[in-house]
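Contents: one structure, followed by commentary.
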Amino acid sequence: MSNDAAILEQLETSIQLCVEAIRAGKKVLFIGNGGSASDAQHLAAELVGRYRFDRESLPAIALTTDTSALTAIGNDYGYDEVFARQLSGLGQAGDVLVAISTSGNSGNVIKAIDVARKKGIKVIGMSGEKGQLKEISDTCLAVPAPLTATIQEAHIMLGHILCDGIEQALCPELPKD
152 MSNDAAILEQ
162 LETSIQLCVE
172 AIRAGKKVLF
182 IGNGGSASDA
192 QHLAAELVGR
202 YRFDRESLPA
212 IALTTDTSAL
222 TAIGNDYGYD
232 EVFARQLSGL
242 GQAGDVLVAI
252 STSGNSGNVI
262 KAIDVARKKG
272 IKVIGMSGEK
282 GQLKEISDTC
292 LAVPAPLTAT
302 IQEAHIMLGH
312 ILCDGIEQAL
322 CPELPKD
């Protein structure tokens with residue numbers, strides 16, 4: 152990555168936001184489209200299940216998994232509302248939204264961030280080198296690469312580092328490498 156210090160700072164901020172939310176009894180919500188939806192599900196599962204070590208489950212939800220909600224909202228309100236509407240019903244002040252978009256411009260992700268702002272939900276963006284996500288997120292893990300595949304590969308690596316940092320901060324009794 153072209154600016155390792157900046158991305159490390161954003162990772163530290165992202166870990167801190169998630170840890171503070173979980174310690175306050177709140178949750179981490181994940182959204183994204185296509186491959187980013189898969190990343191959202193993968194990372195939520197790492198927190199609810201486990202990343203590296205057996206521990207208590209951590210509160211995380213991927214808003215990409217409920218086919219009935221996604222299709223009903225998409226049909227009745229339009230695809231741009233599929234995450235915003237779910238976040239409106241499920242999100243609470245103090246939660247954290249991890250918004251993943253390789254372009255940084257996915258309409259439904261941007262709309263969900265608007266809802267997050269109104270509800271007092273912090274936003275961690277994960278994007279490529281361009282797009283709105285960098286400007287409208289509280290912190291953004293922006294991958295300096297033009298290719299979608301490269302951005303997605305970096306996102307899952309950064310997501311794993313995020314999960315590892317959360318796990319280490321919340322479970323200090325776990326072994327360290």
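Residue 152 is where the sequence shown starts when you use this note's numbering, and the numbers rise one by one after that.
Just so you know, even glycine gets a beta-carbon here, dropped at the ideal spot from N, CA and C.
Inter-residue spacing [alpha-carbon to alpha-carbon] between D315 and R203:
Within the sequence shown, the letter at position 164 stands for residue 315. Within the sequence shown, the letter at position 52 stands for residue 203. A direct Cα-to-Cα measurement between D315 and R203 gives close to 7 Å.
State buried or exposed for T253, treating a residue as buried only when at least 16 other CB atoms are found within 10 Å of its CB.
Within the sequence shown, residue 253 is the residue found at index 102, counting from 1. Result: buried.
Assuming L180 and L238 make a contact with CB atoms under 8 Å, what is their CB distance in whole Å?
Here residue 180 corresponds to residue number 29 of the sequence shown, with the count starting at 1. Here residue 238 corresponds to residue number 87 of the sequence shown, with the count starting at 1. L238 and L180 do touch by the CB rule: their CB atoms are close to 7 Å apart, below 8 Å.
For I224, which residues from the same chain have a beta carbon less than 6 Å from its beta carbon, with the 5 sequence-adjacent residues on both sides left out?
Here residue 224 refers to the residue found at position 73 when the sequence shown is read from its first residue. Excluding residues within five positions, the ones whose Cβ falls inside 6 Å are E232, V233 and R236.
Span of the beta strand (DSSP E), counted from its first residue to its last, around A175:
Here residue 175 refers to the residue found at position 24 of the sequence shown. Premise fails: A175 is in no beta strand (DSSP E) and is neither H nor E.
When you compare each of V247, R201, I251 and A220 to A191 by their alpha carbons, which one comes out closest?
One-based indexing of the sequence shown puts residue 191 at position 40. Here the closest residue by C-alpha is I251.
DSSP state of S254 mapped onto helix, strand, coil
In the sequence shown, counting from the first residue as 1, residue 254 sits at position 103. Coil at S254, not helix or strand.
Within this structure, are the beta carbons of L321 and R201 separated by less than 9 Å?
Against the sequence shown, residue 321 aligns to sequence position 170. Against the sequence shown, residue 201 aligns to sequence position 50. Between L321 and R201, the gap from beta carbon to beta carbon reaches 9 Å or more.
Just to confirm the assignment, what range does the alpha helix (DSSP H) spanning K285 have?
In the sequence shown, the residue the question calls residue 285 occupies position 134. That run of the alpha helix (DSSP H) goes L284 to I287.
Buried or exposed: where does T215 fall if 16 or more other Cβ atoms within 10 Å of its Cβ makes it buried?
Taking the first residue of the sequence shown as position 1, residue 215 is located at position 64. Answer is buried; the Cβ neighbour count reaches 16.
Please name the residue in D155, A157 and T164 whose C-alpha comes closest to that of L313.
What you label residue 313 is simply residue 162 of the sequence shown in a count that begins at 1. It is T164.
For Y230, which of I261, V249 and M277 has the nearest alpha-carbon?
Position 79 of the sequence shown, counting from 1, holds the residue named residue 230. Closest by alpha carbon: I261.
Using only the alpha-carbon positions, how far apart do N256 and L284 sit?
On the sequence shown, position 105 is the one that residue 256 refers to. On the sequence shown, position 133 is the one that residue 284 refers to. Take the alpha-carbon of N256 and the one of L284: they are about 7 Å apart.
Could you check where the alpha helix (DSSP H) with G186 kicks off and where it finishes?
Looking up residue 186 in the sequence shown gives position 35. Judged by DSSP secondary structure, G186 falls within the alpha helix (DSSP H) whose first and last residues are G186 to V199.
G310 burial status per 10 Å Cβ neighbour count (16 or more: buried)
Start at 1 with the first residue of the sequence shown, and residue 310 comes out as number 159. Answer is buried; the Cβ neighbour count reaches 16.
At which residues does the alpha helix (DSSP H) containing C314 begin and terminate?
Along the sequence shown, read from residue 1 onward, the residue named residue 314 stands at position 163. Taken as a continuous stretch (DSSP letters only), the alpha helix (DSSP H) holding C314 covers T299 to L321.
For S288, which option in L221, I272 and P297 has the closest C-alpha, if you only look at C-alpha atoms?
On the sequence shown, position 137 is the one that residue 288 refers to. Closest by alpha carbon: I272.
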